[in-house]
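**Q** Numbering of the sequence shown is given in the UniProt record's numbering, commencing with residue 1 and proceeding in unit increments. Yeah, the Cβ is synthetic: ideal placement off N, Cα and C, and Gly gets one too. Please read all numbers here as calculations on a predicted model, not as lab measurements.
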Amino acid sequence: MFQHITAASVHSDFPLDDIIMPKRSCPWRESIPVQMKMHVTQKEVNEGVARDVNMKAVYDRTRELLYSGARSLKNINSETGEMKIVLQDQQQPLLQEPSRGQLRLGPQGKLLKTPTTHAVVDLPQSSNLACALCSRQAGACVVCAHCEKSACRNCQRCCSQCQRDYCFMCCVVNYDEQYERLLCADCPSQ
């Protein structure tokens with residue numbers, strides 16, 4: 001009635017080498033986060049979680065340096081009208097003119113751009129200086145009021161609002177009216 005089954009007889013009847021059982025899939029695959037070891041450096045913490053605190057400290061320090069620099073420049077020589085800066089490690093005061101396009105602090109603490117002047121540089125014809133845009137030798141170059149590159153007569157443009165000279169890279173042609181207008185990067189398009 002009962003038949004004695006041995007492992008050898010089962011193996012010969014059903015070859016187990018041909019049957020491959022699949023692995024059970026994990027039912028929680030989507031809900032389990034990726035678990036990897038990750039080293040977080042101080043730089044990543046400063047740029048991530050603590051960014052607001054660190055940047056506030058940087059902004060406060062920069063503002064304080066700007067205000068202290070503006071306060072130290074208030075000693076203007078009344079005879080010449082030039083600003084004198086006295087450094088602590090030097091005995092002679094240095095005369096300083098603001099650069100073109102340099103930002104400065106106004107009376108209410110607002111940043112103001114120093115006014116730029118029309119700068120035309122007359123060069124001799126044998127000069128090696130060329131136009132910064134087209135690389136041609138230029139007899140007379142105009143300095144762009146925005147990017148401060150030298151531009152020859154062919155590459156310069158005049159803004160129709162502020163009437164200052166710009167290179168063609170810093171101007172945009174505006175077609176919203178009957179005639180085309182050249183607008184510089186500094187003037188708001190109205």
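1) Would you report the Cα separation of arginine 136 and valine 143, rounded to the nearest angstrom?
2) Just to confirm before moving on: does the CB-CB distance between cysteine 171 and arginine 157 stay below 8 Å?
3) Considering just the uninterrupted stretch of the beta strand (DSSP E) at asparagine 174, what are its terminal residues?
4) So who's on the other strand from leucine 182, going by DSSP bridges?
5) Could you check where the alpha helix (DSSP H) with arginine 71 kicks off and where it finishes?
6) Rounded to whole angstroms, what is the Cα-Cα separation between leucine 103 and methionine 36?
7) Look at the alpha carbon of asparagine 46 and the alpha carbon of histidine 39, and state the distance between them as a whole number of angstroms.
8) I'd like the list of long-range same chain contacts for tyrosine 175, defined as Cβ closer than 6 Å, with 5 residues on each side in sequence excluded.
9) Would you kindly report the start and end of the unbroken beta strand (DSSP E) that includes lysine 113?
10) Comparing alpha-carbon positions, which option in Val58, Ser160, Ala70, Ala140 lies nearest leucine 112?
11) Using a threshold of 8 Å, state whether the C-beta atoms of cysteine 155 and phenylalanine 168 are closer than that.
12) Does DSSP classify glutamine 102 as helix, strand or coil?
13) Excluding the 5 residues preceding and the 5 following glutamine 161 in the sequence, name in chain order all residues of the same chain whose CB lies nearer than 6 Å to its CB.
14) What are the partner residues of glutamine 137, as DSSP defines its beta bridges?
15) Please classify serine 150: is it buried, with 16 or more other beta-carbons within 10 angstroms of its beta-carbon, or exposed?
16) Mind checking who alanine 145 pairs with in its DSSP beta bridge?
17) Using the Cα positions of tyrosine 179 and cysteine 159, report the straight-line distance between them to the nearest angstrom.
**A** Taking the structure as given:
1) Approximately 15 Å between the Cα atoms of the pair.
2) Going by C-beta atoms, cysteine 171 is nearer than 8 Å to arginine 157.
3) Segment 171-174, the beta strand (DSSP E) holding asparagine 174.
4) DSSP output for leucine 182 lists Val173 as bridge partner(s).
5) From DSSP, the alpha helix (DSSP H) with arginine 71 extends over 51-72.
6) CA-CA distance, leucine 103 to methionine 36, rounds to 48 Å.
7) Between asparagine 46 and histidine 39, the C-alpha separation is close to 14 Å.
8) Closer than 6 Å at the Cβ level, and outside the excluded window around tyrosine 175, lies no residue.
9) For lysine 113, the enclosing beta strand (DSSP E) covers residues 111-113.
10) Comparing Cα-Cα distances from leucine 112 to each of Val58, Ser160, Ala70, Ala140, the minimum goes to Ala70.
11) Yes, they are a contact pair.
12) Of the three classes helix, strand and coil, the one that applies to glutamine 102 here is coil, per DSSP.
13) Take glutamine 161, set aside five residues on each side of it, and the residues of its chain with a beta-carbon closer than 6 Å to its own are Cys187, in chain order.
14) The bridge partners DSSP lists for glutamine 137 are Ala130.
15) Counting Cβ neighbours within 10 Å, serine 150 comes out buried, since at least 16 surround it.
16) In the DSSP output, where bridge partners are listed per residue, alanine 145 has none listed.
17) Roughly 14 Å between the two C-alpha positions.
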